[in-house]
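Asker: Position 437 of the sequence shown, counted from 1, bears residue number 430 in the working numbering, the numbering being contiguous throughout.
Just so you know, even glycine gets a beta-carbon here, dropped at the ideal spot from N, CA and C.
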Amino acid sequence: MHCLLSGVLPVSVISCVPITTSLMSGFINPTYIILLDENPLIHIFKNQVSSLKISFNNKNNSCPMVGISSVIFQKILTIYTNLRCLKYNPSSPFGDALYLYPANGIAICPTLLELHVSVTDMKQCLHILDGRFDQLRILYVTFDSVSPELFNIEDNQKPLPNLRIFSLCCYDKININDFDESIVPLLRRMLNLEELHLNIIVKCYEEFISGDTLNKDIIIYMPRLYKFTFNICSIIDHRNQTNFPLNEHIQKTFKYFFNNQIITCIDHFQEKGYSQCHIYSYPYKLKVYNNITNNFPGGLFTCVTQVSLHDERPFEHDFFLRIAQSFPFMKELTIKNQKAQNKKQFIKSNSDDQILSIIEYPNLTRLDLTNTHDDYIELFLFDRKMSLPNNLHLCVDYQSLERVTYYFTRYITRNHCAKLAGVYFYPLNQIDENIKNYFPHTCIGRAVDFV
C-alpha cells in the first residue's frame, strides 16, 4: 500500500486505492500486514483520512480474495482512526466479496458513519448490523447468496435508530426464500430511516409482493421515510399457486405511492412452471435490468448499461428496436431464448427485408448468445438487420455459429464477424483455417475467458 500513497500529499479524502492481483499476494503474507502499522507514511495519513475507497482488481480470479478481503477490511478500520466514509469494493463479484465473523456486538471504528460494501451473503449484512457499527448513518450492501442459518444470528432484533439511509441489493438469480422472516424484520429495526433502496428477488408461496405488502409490512414502521426506490421481482412456483392476479390489480395497490411512478409487469412461464411479478420505481436508477420479457412496458433507462432478455415466447424484430430505444447506453447484452422467430419466414416470403428498420446498439461491447436459438445469432450478424460497433466481444455456441455462417463461408454474415474485437466459443476444441479466415482481425477464445 505504501507504493500507492508515497507520491500523494496528506489529504482528508483518498478517492480510490486500486488493489491489483500482485498487491493482493503481498497481503497474504502476515508479516506484511503487521508492517502496515509500522509504516511511517501510514502514521501520517491515519488521522487525516476521513473518506476512503478501496477497489480490487482481480478479474482473472488468480488470487482467492474472501479471506484476504476480510483481513484488509479489519486492518483499515484499525489503522484509520478518523474514518467517516468507507467504500470497500462496493461492486465486487462474489469471489472478492467480504466475509465477516461474529463480533459479539463489539463496536469497531466508532467514527465510521457511511459504509458501502459487497458481502458474501445476506448473513453478513446482519453481522454488519449486530452492534459493531451502531453509529452508521448510511449503509449500502450488495450480497451474492442467502445463508440457511440466516435466522439464528443473535442481536438481529436490536433497533437501529441511527441509520438514515439503507440500500440492499442482491445479484441476479439469488432468491430470498423468506421475505417475511428475513427482510421485513431487518427493515423494521430501522426506526428512523429516511431513504430506502431495495433491489431483490423474492421467492413467494401464495401472493406476489405488491404495494399493499410494502405498505403494511415496511412503510408504516418508518415514519420518517421520505424516499423509497425499489426493484423487486417476486416468484411463485405453480406447484404452490395457480390463480394469479391481473397486472392491473397489482398496479392499483400502488395508488398511494405519490413520490414515484410505479411500473408493474406479470409474466407466466408455463414450461418452467413459475410466474413472476416485477415491480419497480421509475425513473429507474440502477445500472442493471435483468430478465426482460416480451411484456416489457418500455420507457427510457439512461442509467442502465447491462441488460438481459429472457422469455419462452420468441423475440421479434420490433422487440429489439424497443430495447434499442429504451436503453441507449447499453454496453452488455445477454439473450436467453430458445424459440424460433415467428415473423422471420413471413418476412422472407414477402421479400420485405429492406423495409425493416436497422437495429442499432452503438455502445454495445459485450454480447452473450450462448443460450439462444440460431435466429437471434443470425439477426445480430446480418448487417442488413443490425448495426454493431467495432469493439464488440461476442460469446456464442460454436455449433450454432457454424450453422448460421454455413461453416464459416456465408457472405452475408462475414462483415459483422470480421469486425468483431473478440469471439468466445462454447465449446472450443480447435481453431482451423476457416475460422481464422472468417475472423481475420478478431481475438478468438473460449467461453470461460468471456469475463
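#1: Please report how far the alpha carbon of S64 lies from the alpha carbon of I169, in whole angstroms.
#2: If you check the beta carbons only, do L156 and I193 fall under 9 Å apart?
#3: Could you name each continuous alpha helix (DSSP H) segment of 4 residues or more that falls completely within the region 150 to 192, going from the start of the chain to the end?
#4: Would F251 be called buried (16 or more neighbouring beta carbons within 10 Å of its own) or exposed?
#5: Just how far apart, CA to CA, sit P433 and M323?
#6: Alpha carbon to alpha carbon, how far is H242 from Y214?
#7: If we ignore side chains and look at the alpha-carbon of each, how far apart do Q41 and F159 end up?
#8: Hey, how far is the Cα of E353 from the Cα of H303?
#9: Excluding the 5 residues preceding and the 5 following C78 in the sequence, name in chain order all residues of the same chain whose CB lies nearer than 6 Å to its CB.
#10: Could you give the first and the last residue of the continuous alpha helix (DSSP H) run that contains H310?
#11: Could you name the residues that DSSP lists as bridge partners for V134?
#12: May I have the straight-line CA-CA distance separating Q234 from I259, to the nearest angstrom?
#13: So what does DSSP say about I438, is it helix, strand or coil?
#14: Using only CA atoms, which one of R377, S268, H261 and T363 lies nearest to H310?
#15: Relative to the C-alpha of D137, which candidate in T358, S111, Q299 and S301 has its C-alpha closest?
#16: Can you give the Cα-Cα distance for G292 and N75, rounded to whole angstroms?
#17: What residues in its chain sit with their C-beta under 6 Å from that of E426, if we drop five residues either side in the sequence?
#18: Quick check on Q234: does DSSP put it in helix, strand or coil?
#19: Distance check for N82 and N185, CA to CA, integer angstroms please.
#20: Using the three-state DSSP reduction, which class does T104 fall into: helix, strand or coil?
#21: For a test of the three-state rule: what should DSSP assign to R396, helix, strand or coil?
#22: Drop a sphere of 10 angstroms on the beta-carbon of T71, count the other beta-carbons inside from all chains shown, and report buried for 16 or more, exposed for fewer.
#23: To the nearest angstrom, how far is it from the Cα of L447 to the Cα of A414?
#24: Tell me, please, which residues DSSP counts as bridged to C270.
#25: Apart from the five residues on each side of it in sequence, which residues of its chain come closer than 6 Å, Cβ to Cβ, to Q254?
#26: Should L362 go down as buried or exposed, given a rule of 16 or more other Cβ atoms within 10 Å for buried?
#27: Specify the secondary structure class of L91 as computed by DSSP and reduced to three states.
#28: With DSSP as the reference, please indicate the residues paired to L302 in a beta bridge.
#29: For K116, count the other beta carbons within 10 Å of its own beta carbon; 16 or more makes it buried, fewer makes it exposed. Which is it?
#30: According to DSSP, is K220 part of a helix, a strand, or is it coil?
#31: What span of residues does the alpha helix (DSSP H) with T206 cover, start to end?
#32: What number of angstroms, rounded off, separates the C-alpha of V444 from the C-alpha of T104?
#33: For the ligand PLP, I want to know if I225 counts as a neighbour, meaning its beta carbon is within less than 8 Å of at least one of the ligand's heavy atoms.
#34: Here's a check: name, in chain order, each residue in its chain whose Cβ is nearer than 6 Å to the Cβ of N422, leaving out the five neighbours to either side.
#35: In angstroms, rounded to a whole number, what distance separates the CA positions of Y133 and S48?
#36: Report the option in Q263, K245, G438 and F247 whose CA atom is closest to the CA atom of R232.
Answerer: With the given structure in hand:
#1: Residue 64 sits at position 71 when you count from the first residue of the sequence shown. Residue 169 sits at position 176 when you count from the first residue of the sequence shown. According to the sequence shown, residue 64 is Val rather than Ser. Straight-line Cα distance between these residues: approximately 28 Å.
#2: The sequence position of residue 156 within the sequence shown is 163, counting from 1. The sequence position of residue 193 within the sequence shown is 200, counting from 1. Not in contact: L156 and I193 (Cβ atoms no closer than 9 Å).
#3: Within the region 150 to 192, complete alpha helix (DSSP H) segments of at least 4 residues are found at 176 to 181, given in chain order.
#4: Translated into positions along the sequence shown, residue 251 becomes position 258. So F251 ends up on the exposed side.
#5: Indexing the sequence shown from 1 puts residue 433 at position 440. Indexing the sequence shown from 1 puts residue 323 at position 330. In this structure, the CA atom of P433 is about 27 Å from the CA atom of M323.
#6: Mapped onto the sequence shown, residue 242 falls at position 249. Mapped onto the sequence shown, residue 214 falls at position 221. Each residue's Cα considered, the two are about 24 Å apart.
#7: Within the sequence shown, numbered from 1, the residue matching residue 41 stands at position 48. Within the sequence shown, numbered from 1, the residue matching residue 159 stands at position 166. Counting only the Cα atoms, F159 lies some 27 Å from Q41.
#8: Counting from 1 along the sequence shown, the entry for residue 353 is found at position 360. Counting from 1 along the sequence shown, the entry for residue 303 is found at position 310. Spanning the two alpha carbons is a distance of roughly 20 Å.
#9: Here residue 78 refers to the residue found at position 85 when the sequence shown is read from its first residue. If we look at C78 and ignore the five residues flanking it on each side, its Cβ neighbours are S44 and E107.
#10: As a working note, residue 310 is residue 317 in the sequence shown. Segment H310 to S319, the alpha helix (DSSP H) holding H310.
#11: For the purposes of this step, residue 134 is taken as residue 141 along the sequence shown, with counting starting at 1. Beta-bridge pairing links V134 to V110 and L161.
#12: By one-based count along the sequence shown, residue 234 stands at place 241. By one-based count along the sequence shown, residue 259 stands at place 266. Going from the Cα of Q234 to the Cα of I259 covers about 14 Å.
#13: The residue labelled residue 438 in the question sits at position 445 within the sequence shown. Note on identity: in this sequence residue 438 is Gly, with Ile being the wrong assignment. Note: G438 maps to strand in three-state DSSP.
#14: Counting from one through the sequence shown, the residue named residue 310 turns up at place 317. The shortest C-alpha separation from H310 is found at R377.
#15: Counting from 1 along the sequence shown, the entry for residue 137 is found at position 144. Measuring from the Cα of D137, the nearest candidate turns out to be S111.
#16: To locate residue 292, count along the sequence shown from 1; it is residue 299. To locate residue 75, count along the sequence shown from 1; it is residue 82. Between G292 and N75, the C-alpha separation is close to 44 Å.
#17: Here residue 426 refers to the residue found at position 433 of the sequence shown. Closer than 6 Å at Cβ, skipping near neighbours: no residue.
#18: Looking up residue 234 in the sequence shown gives position 241. In the structure shown, Q234 sits in coil (DSSP, three-state: anything other than H, G, I, E or B).
#19: Position 192 of the sequence shown, counted from the first residue, corresponds to residue 185. Position 89 of the sequence shown, counted from the first residue, corresponds to residue 82. Note on geometry: alpha-carbon atoms of N185 and N82 lie some 27 Å from one another.
#20: Here residue 104 refers to the residue found at position 111 when the sequence shown is read from its first residue. T104: coil per DSSP, three-state reduction.
#21: Here residue 396 corresponds to residue number 403 of the sequence shown, with the count starting at 1. Looking at R396 - three-state DSSP - the assignment turns out to be helix.
#22: As a first step, residue 71 must be located in the sequence shown, where it is residue number 78. By the 10 Å Cβ count, T71 comes out exposed.
#23: With the chain covering only -6 through 444, there is no way to say anything about residue 447.
#24: For the purposes of this step, residue 270 is taken as the residue at position 277 of the sequence shown. Note: C270 sits in a beta bridge opposite S227 and I259.
#25: Within the sequence shown, residue 254 is the residue found at index 261, counting from 1. Answer for Q254: Y275, listed in chain order.
#26: To locate residue 362, count along the sequence shown from 1; it is residue 369. By the neighbour-count rule (16 or more Cβ atoms within 10 Å), L362 is buried.
#27: Here residue 91 corresponds to residue number 98 of the sequence shown, with the count starting at 1. Three-state result, L91: strand.
#28: Taking the sequence shown and counting its residues from 1, one reaches residue 302 at position 309. Answer is I285 and I328.
#29: In the sequence shown, the residue the question calls residue 116 occupies position 123. Classification for K116: buried.
#30: Your numbering for residue 220 matches position 227 in the sequence shown. K220: strand per DSSP, three-state reduction.
#31: Working through the sequence shown from its first residue, we reach residue 206 at position 213. Start and end: G204 to D210.
#32: Stepping through the sequence shown from its first residue, residue 444 is reached at position 451. Stepping through the sequence shown from its first residue, residue 104 is reached at position 111. So the two alpha carbons sit approximately 38 Å from each other.
#33: Among the components modelled here there is no ligand, and therefore nothing to report on the ligand PLP.
#34: For the purposes of this step, residue 422 is identified with residue 429 of the sequence shown, where counting begins at 1. For N422, where only same-chain residues beyond five positions count, there are no Cβ hits under 6 Å.
#35: As a first step, residue 133 is located in the sequence shown; it is residue number 140 there, counting from the start. As a first step, residue 48 is located in the sequence shown; it is residue number 55 there, counting from the start. Rounded to whole angstroms, Y133 to S48 spans 15 Å at the Cα level.
#36: Along the sequence shown, one-based indexing puts residue 232 at 239. Nearest neighbour of R232 by Cα position, chosen from Q263, K245, G438 and F247, turns out to be Q263.
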